[in-house]
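Numbering (the UniProt record's numbering), first residue to last: 1 to 349.
The beta-carbon is built from N, C-alpha and C at its ideal position, and this holds for glycine as well.
Just so you know, these numbers come straight off a predicted model, no measurement behind them.
These notes concern the structure reproduced below.
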C-alpha cells in the first residue's frame, strides 16, 4: 500500500492525463480566463462606482449653488447656472473643493486597483502551475450566457477582503496611504497654471476676470488631472512617467483602468472648449457671462466621457468573455473527441 501511494504521488501530469483518458473522463483544464494577466480595473466594483461618482458630482453642483441662491423652489440646473451668473467667485471655489474630494476618492480607488493588479500579476506564473480550476457548467445557451455574465463581473467584494484580513489575523481597516498627496497637489497646481495660460491663449481676457479664469482652470485640473496624478504618479515611478507621456501625446490607454481615467479627462477639456462657443455671439443672454458656459460644458463633458469609457470597457469585457466561452467549448469538444476515439480503440481491441 505504501509503495502504491508513493508511485501515485510521483505520477506526472501526463500520466494523470492518460489515466483519466483511459477511464473515459476528461482531465480538468484551467479556465481560459485564468491565463490572461489580471485586468487592473475590477468591473464588478467599477459598475456601481461610476453612477455614485456622477451623482456625487451633481450633488456638488447643487450644494455649491445653494450658497449663492438658497431658494430651493428653483430647479437645480437653473439654480446652478444662476449662481454662476450672479456670483461665480463664491460658487466655483466651493465646487472645486467638493469635486477635489470626489476625484481624490476615485483616484485613490484606481491607484489601489493598479497596485493590487501589479502585485497579482507578479505571482501569476507561480500560481498557474499549482492551481487547476474545475467547474461544471451547462452547455446550453443559458449556461453560456451565465458564464458571460460571470466573467464580465469578475472581482472580489469588499466584505470578502475584510473576512480574509480577519482570517489572517490582520486589522480589518488598513491605514490609508497618503504618500501620493504632495505630488498630486503639485501636479494639479501645475496643471492649473498650464491650463490658465492655455485658456488665455485661446481668447480669455488677460487682465480682467483673472480670478474667474484661474478658478475655471482649477476646475478643469481637478476634473481631468487629479485622478490621473493619484492613480498614475509620474514622479514616483518610471512606468508612471511613460504612461503620462503616452496618454498625453497619443491618447492611447494600455488597459481599461487608463481608459476610464483618460476618457473623462478628454471629455472635460473638450466640453469646456465647446462650451466657450456661445460667448462671443451677440445674443445678449445673461448665461453668456464668463465663465458660465465653459464650466457647464466641462461638467457635461466629464459625465459624457465617463459614460463613454464605461461603455467601451463593458463592450471589451463582453468580447473577452465570449472569446473565453468559445475557446473553452472548443477545448472541451477536442477532449471529448479524443476520449471517444480511445473508447472506440479499446472496443476494437
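Report yes or no: do three or more beta-carbon pairs, one from the segment 184–199 and one from the segment 212–221, lie closer than 8 Å? With a cut-off of 8 Å, the segment 212–221 and the segment 184–199 count as touching, because enough Cβ pairs lie within range.
Taking residue 327 and residue 227 to be in contact with their CB atoms under 8 Å, please state how far apart those CB atoms are, rounded to whole angstroms. Your numbering for residue 327 matches position 327 in the chain shown. Your numbering for residue 227 matches position 227 in the chain shown. 35 Å between Cβ atoms; not a contact.
Excluding the 5 residues preceding and the 5 following residue 233 in the sequence, name in chain order all residues of the same chain whose CB lies nearer than 7 Å to its CB. The sequence position of residue 233 within the chain shown is 233, counting from 1. Answer for residue 233: 180, 183 and 240, listed in chain order.
Nearest neighbour of residue 47, chosen from 338, 332 and 315 [CA to CA]: Reading the chain shown from its first residue, position 47 is the one you call residue 47. Answer by Cα proximity: 315.
Thinking C-beta only, is residue 224 closer than 8 Å to residue 54? As a first step, residue 54 is located in the chain shown; it is residue number 54 there, counting from the start. As a first step, residue 224 is located in the chain shown; it is residue number 224 there, counting from the start. Contact annotation: residue 54 and residue 224 have beta-carbon atoms that are not nearer than 8 Å.
Tell me which same chain residues have a C-beta within less than 8 Å of the C-beta of residue 205, skipping the five on either side of it? Looking up residue 205 in the chain shown gives position 205. Contacts found: 213 and 290.
Assuming the contact rule is C-beta atoms closer than 8 Å, residue 308 and residue 275 should be a hit. Round their C-beta distance to whole Å, please. Residue mapping note: residue 308 aligns to position 308 of the chain shown, counting from 1. Residue mapping note: residue 275 aligns to position 275 of the chain shown, counting from 1. Residue 308 to residue 275, Cβ: 18 Å. No contact.
Thinking just about the alpha-carbon of each residue, which of 92, 105 and 269 is nearest to the one in residue 49? Walking along the chain shown from the start, residue 49 turns up at place 49. Of the listed residues, the one whose Cα sits closest to residue 49 is 105.
If we ignore side chains and look at the alpha-carbon of each, how far apart do residue 237 and residue 75 end up? Taking the first residue of the chain shown as position 1, residue 237 is located at position 237. Taking the first residue of the chain shown as position 1, residue 75 is located at position 75. About 46 Å.
Compute the Euclidean distance between the alpha carbons of residue 329 and residue 176, then round it to the nearest angstrom. Here residue 329 is taken as the residue at index 329 of the chain shown, counted from 1. Here residue 176 is taken as the residue at index 176 of the chain shown, counted from 1. Going by the C-alpha atoms only, they are around 44 Å apart.
Can you tell which of 80, 73 and 58 has its C-alpha closest to the C-alpha of residue 67? The residue you call residue 67 lines up with position 67 of the chain shown. Nearest of 80, 73 and 58 to residue 67, Cα basis: 80.
Indicate the three-state DSSP secondary structure (helix, strand or coil) for residue 316 in the structure shown. Mapped onto the chain shown, residue 316 falls at position 316. Helix, per DSSP.
8 Å Cβ cutoff met for residue 245 and residue 266: As a first step, residue 245 must be located in the chain shown, where it is residue number 245. As a first step, residue 266 must be located in the chain shown, where it is residue number 266. Not a contact, by the Cβ cut-off of 8 Å.
Candidates 70, 323 and 255, of which the one nearest residue 110 by Cα: The residue labelled residue 110 in the question sits at position 110 within the chain shown. Checking every option, the nearest Cα to that of residue 110 belongs to 255.
Can you find a CB in chain B that lies within less than 8 Å of the CB of residue 96? Absence of chain B from the displayed structure is noted, only one protein chain being present.
Run the CB neighbour count on residue 119, radius 10 Å, all protein chains shown included, and call it buried at 16 or more, exposed below. Reading the chain shown from its first residue, position 119 is the one you call residue 119. So residue 119 ends up on the exposed side.
Delimiting residues of the alpha helix (DSSP H) encompassing residue 229: Residue mapping note: residue 229 aligns to position 229 of the chain shown, counting from 1. Taken as a continuous stretch (DSSP letters only), the alpha helix (DSSP H) holding residue 229 covers 226–231.
Relative to the C-alpha of residue 300, which residue among 322, 41, 186 and 61 is closest? The sequence position of residue 300 within the chain shown is 300, counting from 1. The residue with the shortest Cα to Cα distance from residue 300 is 61.
Have a look at 88, 39 and 338 and flag the residue whose alpha-carbon is nearest the alpha-carbon of residue 210. Numbered from its first residue, the chain shown carries residue 210 at position 210. Measuring from the Cα of residue 210, the nearest candidate turns out to be 88.
Reducing DSSP to helix, strand and coil, say where residue 177 ends up. By one-based count along the chain shown, residue 177 stands at place 177. Reduced to three states, the DSSP call for residue 177 is coil.
Enumerate in chain order the residues of its own chain whose CB-to-CB distance from residue 253 is below 6 Å, with the five nearest sequence positions on each side excluded. To locate residue 253, count along the chain shown from 1; it is residue 253. Within the same chain, residue 253 has close Cβ partners 259 and 262.
Only counting the same chain, and skipping five residues up and downstream in sequence, which positions put a Cβ closer than 6 Å to that of residue 332? Stepping through the chain shown from its first residue, residue 332 is reached at position 332. There are no such residues.
Mark residue 248 as exposed unless 16 or more other C-beta atoms lie within 10 angstroms of its C-beta, in which case mark it buried. Here residue 248 corresponds to residue number 248 of the chain shown, with the count starting at 1. Looking at its Cβ environment, which holds fewer than 16 other Cβ atoms inside 10 Å, residue 248 is exposed.
Three-state class that DSSP yields for residue 295 in the structure shown: As a working note, residue 295 is residue 295 in the chain shown. It is helical.
Hey, residue 313 and residue 84: beta-carbon distance below 8 Å or not? Translated into positions along the chain shown, residue 313 becomes position 313. Translated into positions along the chain shown, residue 84 becomes position 84. No. Outside cutoff.
Please state whether DSSP places residue 218 in a helix, a strand or coil. Within the chain shown, residue 218 is the residue found at index 218, counting from 1. Three-state DSSP puts residue 218 in a helix.
Euclidean distance between Cα positions of residue 186 and residue 97: Residue 186 sits at position 186 when you count from the first residue of the chain shown. Residue 97 sits at position 97 when you count from the first residue of the chain shown. Computed Cα separation, rounded: 16 Å.
Going by other Cβ atoms of all chains shown within 10 Å of its Cβ, with 16 needed for buried, is residue 337 buried or exposed? Translated into the one-based positions of the chain shown, residue 337 becomes position 337. Its Cβ having fewer than 16 others within 10 Å, residue 337 is exposed.
Sub-8 Å separation of residue 188 and residue 222 beta-carbons: Position 188 of the chain shown, counted from the start, is the residue given in the question as residue 188. Position 222 of the chain shown, counted from the start, is the residue given in the question as residue 222. It is a contact, given that the beta carbons lie within the stated cut-off.
Start-to-end residues for the alpha helix (DSSP H) that takes in residue 271: Against the chain shown, residue 271 aligns to sequence position 271. Unbroken alpha helix (DSSP H) run through residue 271: 256–275.
Do you know how far the Cα of residue 38 is from the Cα of residue 271? In the chain shown, the residue the question calls residue 271 occupies position 271. In the chain shown, the residue the question calls residue 38 occupies position 38. The alpha-carbon atoms of residue 271 and residue 38 are separated by roughly 33 Å.
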